[in-house]
Every structure is written in structure tokens, then in C-alpha cells.
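Chemist:
Protein chains: 2
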Amino acid sequence: MRVIFNEELKAVADDLDRMARNVRDAIHGAGEALRNQDIEVAQSVIDGDVETDKLAGSIVDQCVRLLARQNPVAIDLRVVVATMRLSITFERMGDLARHIAQAARRTYPNSPIPADAQDTFNAMQDFLDVTADRLVTMLADRDVATAESIIREDDKLDELHLKTMRMAQSDDWQVTHQQIMDVVLIGRFMERLGDHAVSASRRVIYIVSGFDPAKEPGRDEGTDID
Amino acid sequence: MRVIFNEELKAVADDLDRMARNVRDAIHGAGEALRNQDIEVAQSVIDGDVETDKLAGSIVDQCVRLLARQNPVAIDLRVVVATMRLSITFERMGDLARHIAQAARRTYPNSPIPADAQDTFNAMQDFLDVTADRLVTMLADRDVATAESIIREDDKLDELHLKTMRMAQSDDWQVTHQQIMDVVLIGRFMERLGDHAVSASRRVIYIVSGFDPAKEPGRDEGTDID
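Sequence lines, in order, name chains G and Z. Read in order, the letters of the first sequence correspond to residues 1 to 226 in this note's numbering. Read in order, the letters of the second sequence correspond to residues 1 to 226 in this note's numbering.
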């Protein structure tokens, strides 16, 4: 019984790793599409999201079967519950990367981002590229140090995001309404990607330690995880 | 053993009902704050979100304990898994209602919504008020017909949302940049509230029938559920 459980748990962990790699590729691709007006990359991110969604559904199904047949307890149960939640988080991250790719495709061959905001958006994208790579490593190695660095550094992304919001607020900024809308929405998609990466990092810490850092006293648990 | 399980399941179902009522009140309150520039209601929505977040954490913990100690199968297992997912969805809905209330508080005593867009936003809010009431009934009665009507009618909210986006896009619209940003973000929060209500409805159908309508052929499962 125990051997079967571990084999099945291994299979679902492999699927979750695959999902994390898909999400990493989608984040990299969305950034490239946005930065270089690369419509082919944009399209491949959009098309690729279907597989990510399917993986999410399959992972939840596998977890429910594991719970039904194997009655996991302690660390194994934590792994199964956290795996379900991670798959839901990764599905949302895939959706957000797809939204960015769709914005890049819509304005092709131009960028949706006004020229003088592109440096800040590139910095956000650089940040997310690193985060996406870290997500994959963190998950494959159940690496708490990487998870903690993702949680700790998310403020940098929020600061960049705030900078884009301040630019957009100024009525002196010579841009179209559509450009303001794109700056606001793409900025929010990126900020949300960072929030979901933080949420995923908390789940990995929970798997390893059984401790949920979202419940640390004084931490504003619900903030912006929507 | 069985009696204990049902008692514990009843306790967590009561908490989930409580969460749904909190979310309903938050949605109603956010709408009232936005419509009537009522800063006291706005503040109570913002303050109330703390309890909703705590309930979500408590519900997930209770579900994990149930899974560990009772090894539920079949319908009971479906209920536990769906309850976890519903609590996560309701937590996000609480966050979104809080974001709307925060926008209303920020611009007090003015509305963040330009006068000529207020009718459309009021219509979105009317729609969400009905949806919020339906969520509570649907959950308390495990009512599939109500769940299906929430899923079916979400298009109406999307149409209203699209109308606000079209208004914002026009460079002839005499508004400030900040007003465009608020129209875009508050509109998106409302649209997302509708999406999450759809997602919750699917979970209720899954509890009752064991069938996940998100997996219906041809349905775009991952769309915008982020």
C-alpha cells in the first residue's frame, strides 16, 4: 500500500513540476512578447495555457483519488493538500501570463506600453523572470531558502508597480486612454504574478515544515491574494 | 466514527455558510460605499475582511484534520475537497470587495466613478447584489438550479464590464487619468467577483453531482479564473 502511495505521489509531483515549468515558460514568453513585440511567442503562450489548465484539472483529480484510496496522514497529507492548492495557483499564473501575451498580440506591431514606461516594465519583467526560475527550483528541491527569498523580495515588484501607477496618474503624461488602460491592467497582471509566487512559496514552506507562514502574527494574510 | 465525522463536517459547513454570508455583506457594502459615497460602510467592509480571511484559514485547517482522521470517501470526500476550494474562492471575493471599498474610501467624498459611467456601474452592482444573495442560498440548500443560473447569467456582467471599457477607451471622454484607472480597476474587480461566483457555483454542482461543469467539452475552463 505504502509503495503504491509513494509511486502515485511521485506521479502527481512530476505533473506539478511540469506545470511549474510551463508557467515559467509562459512568464518568460509573455515578457518577451511584451518587450520585443514578438507575436509568435505571444501566440505560443496563449495556446500553451490550454495544457496548463488541463494539468491543473488532472492534478486535482489525482489528489482526490489519493485521498480516497490511501488515507495519507502527516507529511503525506500536507503534500497532497499543498499540491492541490499549488496547482490552482499555477493555473492562475498561467492565465495571467496569457492575459499579458494577449495584450501584446492585440497591439502588435506596437507595444501596449508607452515608450517612457518601458524601462520600468522591463524591470518588472526581469524580476518575474528570476521569480519564475526560482519557482521551478524551489518546487523540485522543496527549497525553503528559495521560497523565503521569493516572499521577502516581492516588495521590489510592488515598488516598480507603484511607479507605473504614479506615471499613469499624471494628467501631464501624453498618452492615449487605451495606453493608460494597458499600463494599469498589465501592471496589475504582473503584480498578481508576484503575489501568486508568494502564495506558492508559502505552500512549499508548509509542505516542508508544516508551518504556514501566512499565519505568522502580524502578517496581513489576505492581502491581495485574489 | 461516522457520527463524529458528520458532526465535524456540519461544523465546517456552518463556517462556510458564515463565510458566504460575510462575502455577501461585503459585496453589498462595497456597492453601497461606491454608489452613495458612504465612507462608514466602506470602512466596515475593509475591517470585516479580516474575519473572512480568518474563517478561510480555519476552514482549510478543519478540512485537513477531517481528511487525516476520518478518511472520507465518495460524496463526503467531494464535500471536503470542494469546501476547501470554496473557502479559498470566498476569501478572494472578500479581497475584491475590500478593494472596491478602498477605492470608494480613497476618493471620499467624491465617487471614483465619473458621473456618466455611474449608471453602468450601478447595473453591475445590482447584478452582483443578486449574485451575492444567490451564493448564500445556493450553498445553504446545495441548490444546483441556482448554481446553474449564476453560471449562465455571468455573460450579462461581462457585457456591462465591456461597456465600461469602451467608454474608458475613448480619448474624447473628459476624465482624469485617475478616473480612467479607477474605472478599469473597479470594473475588473467586479468582473472578477462574477468569475469567482461562477467558480463557486461549479464547486457546488460538483458536490451534488460529482460532475465538474468546468470540464464540459468545449468550455474554456481556465478563462479568467485568476
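The beta-carbon is built from N, C-alpha and C at its ideal position, and this holds for glycine as well. Keep in mind the model is a prediction, meaning the values are calculated, not measured.
Suppose the cutoff is 8 Å on Cβ atoms and the five residues either side in sequence are ignored; what does the same chain contact list for Ala26 of chain G look like?
Modeler: Val45, Gly48, Asp49, Thr52, Met93, Gly94, Ala97, Arg98, Ala101
Chemist: Could you pull the start and end residues of the alpha helix (DSSP H) that Tyr206 of chain Z belongs to?
Modeler: 177-209 is the span of the alpha helix (DSSP H), which, as asked, contains Tyr206 of chain Z.
Chemist: Please check if any C-beta of chain Z sits within less than 7 Å of the C-beta of Gln178 of chain G.
Modeler: yes
Chemist: Give me the Cα-Cα distance between Asp38 of chain G and Glu32 of chain G, rounded to the nearest whole angstrom.
Modeler: 7 Å
Chemist: So, helix, strand or coil for Ile113 of chain Z, using DSSP?
Modeler: coil
Chemist: Could you list which residues in chain G have their beta carbon closer than 7 Å to that of Asn71 of chain Z, in chain order?
Modeler: Asn71
Chemist: In three-state terms, what does DSSP make of Pro213 of chain G?
Modeler: helix
Chemist: Any beta carbon from chain G within less than 7 Å of Leu67 of chain Z's own beta carbon?
Modeler: yes
Chemist: If you follow the alpha helix (DSSP H) that Asn71 of chain Z is part of, which residue opens it and which one closes it?
Modeler: Segment: none, Asn71 of chain Z is in no alpha helix (DSSP H) and carries neither H nor E.
Chemist: Taking 8 Å as the cut-off, does the stretch 158-170 of chain Z touch the stretch 62-76 of chain Z (at least 3 CB pairs, one atom from each stretch)?
Modeler: no
Chemist: Within this structure, are the beta carbons of Ala132 of chain Z and Arg24 of chain Z separated by less than 7 Å?
Modeler: yes
Chemist: Within its chain, find whatever has a CB closer than 7 Å to the CB of Gly218 of chain Z; leave out the 5 residues flanking it on each side and keep chain order.
Modeler: Annotation note: pLDDT 45 at Gly218 of chain Z (below 50); position unreliable, coordinate value reported separately. Leaving aside the five residues that flank Gly218 of chain Z on each side, none in its chain has a CB nearer than 7 Å to its CB.
Chemist: Since Pro109 of chain G and Val175 of chain G should fall inside the 8 Å C-beta cutoff, what is the C-beta to C-beta distance between them, to a whole number of angstroms?
Modeler: Contact flag wrong, Cβ pair sits at about 18 Å.
Chemist: Report buried or exposed for Arg152 of chain Z, applying the criterion of at least 16 other Cβ atoms within 10 angstroms of its Cβ.
Modeler: Exposed, since its Cβ has fewer than 16 Cβ neighbours within 10 Å.
Chemist: Could you run through the stretch 159-175 of chain G and flag, in chain order, every residue whose CB is less than 8 Å away from some CB of chain Z?
Modeler: Met165, Ala168, Gln169, Ser170, Asp171, Trp173
Chemist: Report, in whole angstroms, the separation of the C-beta atoms of Arg21 of chain Z and Ile207 of chain Z, which I expect to be a contact under 8 Å.
Modeler: With a Cβ gap of about 18 Å, Arg21 of chain Z and Ile207 of chain Z do not count as contacting.
Chemist: Could you give the first and the last residue of the continuous alpha helix (DSSP H) run that contains Gln125 of chain G?
Modeler: 118-141
Chemist: Let me make sure I understand the geometry here. Which of Z:Arg105, Z:Leu86, Z:Thr146, Z:Lys163 has the alpha-carbon closest to that of Asn122 of chain Z?
Modeler: Z:Lys163
Chemist: Would you mind working out which of G:Ile180, G:Val184, G:Val130, G:Glu191 sits nearest Asp155 of chain G, comparing C-alpha positions?
Modeler: For the residues G:Ile180, G:Val184, G:Val130, G:Glu191, the minimum Cα distance to Asp155 of chain G belongs to G:Glu191.
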